[in-house]
Amino acid sequence: MTNLVPRPYRPLVSACAQRGISRTVAFDLSRKGMLETATIGRRRYVFLDSLDTLPQRLASQSAKVA
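Counting in this note's numbering, the sequence shown runs from 27 upward without gaps.
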């Protein structure tokens, strides 16, 4: 049997706001698949590891375009 460890998560808007990301950009990043999110009831939550690695993923994406 696998021991599942829950991934930490927080409400999308407040977690992003603490990192200087606006509500509109947060939902846009979620819609584009750049942030891993989950919906519980009517609220959207972001997995903190996804939010923490966002700068590296955005940098690698812009390097591919250039």
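Positions of the beta carbon are idealized from the N, C-alpha and C atoms, including for glycine. Since this is a predicted model, take the numbers as computed values, not measurements.
Where do the N-terminal and C-terminal ends of the beta strand (DSSP E) with P37 fall, by residue?
35-37
Among the residues of its own chain, which have a CB less than 8 angstroms from the CB of S47, if the five just before and after it don't count?
Strictly speaking, residue 47 in this sequence is Ile, with Ser absent from that position. Once the five neighbours on either side are set aside, the close Cβ partners of I47 are L55.
To the nearest angstrom, report how far apart Q82 and A89 are at their CA atoms.
One alpha carbon belongs to Q82, the other to A89, and they sit about 11 angstroms apart.
Between F53 and F73, what straight-line distance do the alpha-carbon atoms span, to the nearest angstrom?
14 angstroms
On the criterion of 16 or more Cβ atoms from any shown chain inside 10 Å, does L61 qualify as buried, or is it exposed?
buried
CB-CB length for T79 against R70, believed under 8 angstroms
T79 to R70, Cβ: 18 angstroms. No contact.
Just to confirm, is the Cβ distance from L77 to A41 under 8 angstroms?
yes
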